[in-house]
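Note sheet for the following structure.
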Amino acid sequence: MGHEIISIGGLLVEIIRKEHGRTLSESADFAGPYPSGDTPIFIHAAAKLGKDCGFIGSCGNDAFGDCVYDRLAASGVDMTHVKKIPGLMTGTTFVMYEEDGTRKFMYHLQNSGSAVVTIDDVSSEYFKGCKWVHYTAFNLEISDSVRSAIYRSMQLLDDDTIVSFDPNVRFELYSPEQLKKMCEPILKRANVILPSQYEFSRMYGKTDDEVCTEWMDKGKLVILKLADQGCRIYEKGKIVDVAPFRTVEIDATGAGDIFCAAFAVARLDGKSIHDAAVYANAAGAFSVTRMGPMEGTVSKEELEEFLRTEQAEIF
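Take -1 as the starting number for the sequence shown in our numbering and just add one per residue.
Here's what the structure looks like:
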């Protein structure tokens, strides 16, 4: 038997401005480093929620690499296919918050140890028997070799392996047309598509609802993440809003990745699509209450206790 859930990508660390409104060009205090990377956040959350998880990735052979590698290993993720690259630094993300709560990111990824996953790192044996594989467009953008490894891995999946795709696109390096072309192979294979608000509208020049409906009409399950407004399910011609949980937001980074992980775990546990979306909303809401993208990840027991004691608000 293979791992229940597998993901792939670069291991990063994140360093966050302590004060809102302080630009990255100013001299001011930071917090971190925090273990990060969208698919590492996802797989860490899935493992914390009790699933047997594996990961294919890379980082630098440095202290920052140890920061994220050790966190994933401690949560129980199988790290036999994660490389530490001698002589290269681990990719780093710097984050600052505007006064209104919006975020700006600065990435140091090019030529880093986080960008050297290759086709040789993926094998049919590792994916054999896997129930769920999760991909993101962010990792398609990291480097040509990571992108090739992701495309190759899709060819090795069992026919009944569920594929989820979180666009999580960054528009700084590629045009919307380039990003659409990049994402198309995964979107075609994906069973579940998990975009965040405004991603599809920027990529396709249409509203999120229009694009999500188009993918639903092609047979995909689409869950549109709406941050503090909950989420919206597009399934078999029906569109249903799922109410959010209200918490005090400290840091929203990683909440979408944790949402995706909780949804996957819930579905594998046999929950209905609606109940899985409620579960994912709760995990995402809890995650924003801590500084750092993995710090608000909870165990299955903690999340179920949160669900028992909190009440989702109705739109």
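Where is the CB? At the ideal position from N, CA and C, for every residue including glycine.
The structure displayed is predicted, hence computed values, not measured ones.
Terminal residues of the alpha helix (DSSP H) in which residue i lies
i    : result
G282 : 271 to 285
S146 : 142 to 153
D267 : First-last for D267: undefined, no H or E at that position.
K186 : 174 to 187
D207 : 206 to 215
K298 : 298 to 307
S122 : 122 to 125
Beta bridge counterpart(s) of residue i as assigned by DSSP
i    : result
L222 : R230
L10  : S34, G89
G58  : I83
H132 : S5, S162
S194 : K223
Y95  : R101
G52  : I4, D76
F257 : F257 is not bridged to any residue.
R15  : F28
Short Cβ contact (8 Å threshold) for residue i with residue j
i    : j    : result
N137 : T37  : yes
S73  : G89  : no
R15  : M292 : no
G52  : K82  : no
L177 : M201 : yes
E91  : S34  : The sequence given here places Thr at residue 91; Glu does not occur at that position. It is a contact, given that the beta carbons lie within the stated cut-off.
L301 : A281 : yes
V80  : A45  : no
Y232 : A260 : no
G55  : I6   : yes
L22  : M94  : yes
D255 : F40  : yes
A135 : P165 : yes
G48  : K204 : no
T251 : E97  : no
Cβ-Cβ separation, residue j to residue i (assumed contact under 8 Å), whole Å
i    : j    : result
I191 : F163 : 5 Å
A262 : W130 : 5 Å
G290 : G30  : 7 Å
Y133 : V115 : About 12 Å separates the two Cβ atoms, so there is no contact after all.
G127 : G0   : 3 Å
Residue i beta carbon near the ligand FAD (any heavy atom closer than 7 Å)
i    : result
T307 : No copy of the ligand FAD occurs in the structure displayed, which carries no ligand at all.
Span of the beta strand (DSSP E) around residue i
i    : result
D164 : 160 to 164
Y105 : 101 to 106
V238 : 236 to 240
>> Could you check whether the region 269 to 280 touches the region 215 to 229, counting it as contact only if at least three pairs of C-beta atoms, one from each stretch, sit closer than 8 Å?
In response: With a cut-off of 8 Å, the region 215 to 229 and the region 269 to 280 count as touching, because enough Cβ pairs lie within range.
>> I want to know whether the region 116 to 126 touches the region 152 to 171 - three or more CB-CB distances under 8 Å.
In response: The region 116 to 126 is in contact with the region 152 to 171.
>> With three or more C-beta pairs closer than 8 Å as the rule, is the region 226 to 233 touching the region 15 to 25?
In response: The region 15 to 25, when compared against the region 226 to 233, does not touch it at the 8 Å Cβ threshold.
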